[in-house]
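**Student:**
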Amino acid sequence: MLILGIESSCDETGVALVDASGHDTPRLLGHALHSQIEMHQAYGGVVPELASRDHIRRVLPLTDEVLAQAGLPLSAVDAVAYTRGPGLAGALLVGSGVACAMGMALGKPVMGVHHLEGHLLSPFLSADPPRFPFVALLVSGGHTQLMRVDGVGRYELLGETIDDAAGEAFDKSAKLLGLGYPGGPALARLALEGNPQAYKFPRPLLHSGDLDFSFAGLKTAVLTQVKRLAHARPEGPATPQLAQALDAAQKADVAASVQAAIVDVLVKKSLSAIAATGLRRLVVAGGVGANALLREQLNAACQRQNVRVHYPELHLCTDNGAMIALAAGLRVQAGLLAAGGGAAAYRFDVRPRWPLSELAITAL
Ligand code: KG4
Ligand code: ZN
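Everything in the sequence shown is counted per this note's numbering, starting at -4 for the first residue and increasing by one.
1) Is G282 near the ligand ZN, with its Cβ less than 7 Å from a heavy atom?
2) With 16 other CB atoms within 10 Å as the buried threshold, where does D248 fall?
3) So, for A333: in the same chain, excluding its five sequence neighbours on each side, which residues have a beta-carbon less than 7 Å away from its beta-carbon?
4) Have a look at the DSSP bridge pairing and note the partners of I(-2).
5) Can you pull the DSSP bridge partners for M318?
6) Could you tell me which whole alpha helix (DSSP H) segments of length 4 or greater appear in the segment 85 to 167?
7) If I follow the unbroken beta strand (DSSP E) through G25, where does it start and stop?
8) Indicate the three-state DSSP secondary structure (helix, strand or coil) for V279 in the structure shown.
9) With H, G and I counted as helix, E and B as strand and the rest as coil, what does DSSP make of V249?
10) With a threshold of 16 other CB atoms inside 10 Å of the CB of H202, please say whether the residue is buried or exposed.
11) Strictly closer than 5 Å from CB to any heavy atom of the ligand ZN: give me those residues in the order they appear in the chain.
12) Closest to L241 by C-alpha separation, out of G17, L174 and D158, would be which residue?
13) Specify the secondary structure class of R184 as computed by DSSP and reduced to three states.
14) How is T8 classed by DSSP in three states: helix, strand or coil?
15) Apply the 10 Å Cβ neighbour rule to A295 and answer buried if 16 or more other Cβ atoms are within range, or exposed otherwise.
16) Can you say whether H18 is buried or exposed, counting buried as having 16 or more other CB atoms within 10 angstroms of its CB?
17) For A11 versus A317, is the C-beta distance shorter than 8 Å?
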């Protein structure tokens, strides 16, 4: 069964084709991506209307590219999967609209996929795929969750952030340092030149005894530190001029110290989740899963405790179409239909807010 996947929930248009025949792990036959980062950079963040319009421009050329990679015509596609949510409403509607139009034209089913389920299952496309059950650390721009995963569609939330997501903590700290958008990779690069022990930033909820996270206080602590270094008034506003008053070494030290605080919390809480569940496998997914320090420290900690850790391929950590096609394929193989995507329901169906816990399991 050949499944075309379309991702358009935020600032990346991703299209991919997977072969989910039989019961082997679905195989990636083609995959193309257009990142809108450059377009949004001028505004310091994602502009939703511009994102939607750009998805419209990119999605069909990317589909042609994927089909050419696979050497197959569109008519070979057996089902079209798209990101149903969560994400930006207008951006999601582009993927949903295109998927429905393709499905209707081909007379093939359309499936709405949960974006986080895509991230969660993305390591199944890696050279070292995990086996169920496992603990998943899902760390993206909008979510930070620990989950127990017993199978496709069987997700139990163990803990999550009570305020900002880990990616948001990277992005907001990067913005305070004048690093632009998206902040995570830029902050990680700068951190390589800094001292992670220069500033002792808070590690909120580290010893809370549960598996929840909190990153909002970190942003305040970084702002306070940047103001101190810039000799600015403590009660003054956060302006772009603050970062300009810091020298390169100070910025690098702040970046390294923030990154160390975020990674420390993510690693310790992941190991607490492993201890609480008694499972011996950890899967890390979502954009922040690309962070080199996080990988290094998780690898070391998991090795010490004899826990296997799995990641998606680096290029499939951030948003992409492959994870959407894969999640649809794994659902079909598990005898489940992606929630909301009844076989011939060609209706524009998106859920900008959609907790993973609500992911209904619909038997075929
Ligand atoms: O999963 P993703 O592509 O989009 C969402 O679904 O949110 O994650 C994007 C997030 C952003 O906050 C970005 O700054 C962060 O992942 N990110 C990183 C790195 N690469 C991406 N954060 C830290 N280090 C990185 N190398
Ligand atoms: Zn994502």
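We put the CB at the ideal spot given by N, CA and C, even for glycine.
**Tutor:** Reading it off the structure:
1) It does: the Cβ of G282 is within 7 Å (strictly closer) of some heavy atom of the ligand ZN.
2) Counting Cβ neighbours within 10 Å, D248 comes out buried, since at least 16 surround it.
3) With a pLDDT of only 49 at A333, under 50, the local geometry of the prediction cannot be trusted, and the value read off the model is given with reservation. Closer than 7 Å at the Cβ level, and outside the excluded window around A333, lie A76, M106, G107, V108, A323 and R326.
4) Beta-bridge pairing links I(-2) to V13 and A74.
5) The partner list for M318 (beta bridge, DSSP) is empty, contrary to what the question assumes.
6) For the segment 85 to 167, the continuous alpha helix (DSSP H) assignments of 4+ residues that do not extend past its boundaries occur at 110 to 116, in sequence order.
7) Annotation: the continuous beta strand (DSSP E) that includes G25 extends over R22 to S30.
8) Strand.
9) Three-state DSSP puts V249 in a helix.
10) The residue is exposed, with fewer than 16 neighbouring Cβ atoms inside 10 Å.
11) Here the list is S135 and D314.
12) The shortest Cα separation from L241 among G17, L174 and D158 belongs to L174.
13) Three-state result, R184: helix.
14) In the three-state DSSP reduction, T8 falls in the strand class (E or B).
15) Exposed, because fewer than 16 other Cβ atoms sit within 10 Å of the Cβ of A295.
16) Residue burial is scored here from C-beta neighbours: H18 has fewer than 16 other C-beta atoms within 10 angstroms and is therefore classed as exposed.
17) A contact, by the Cβ cut-off of 8 Å.
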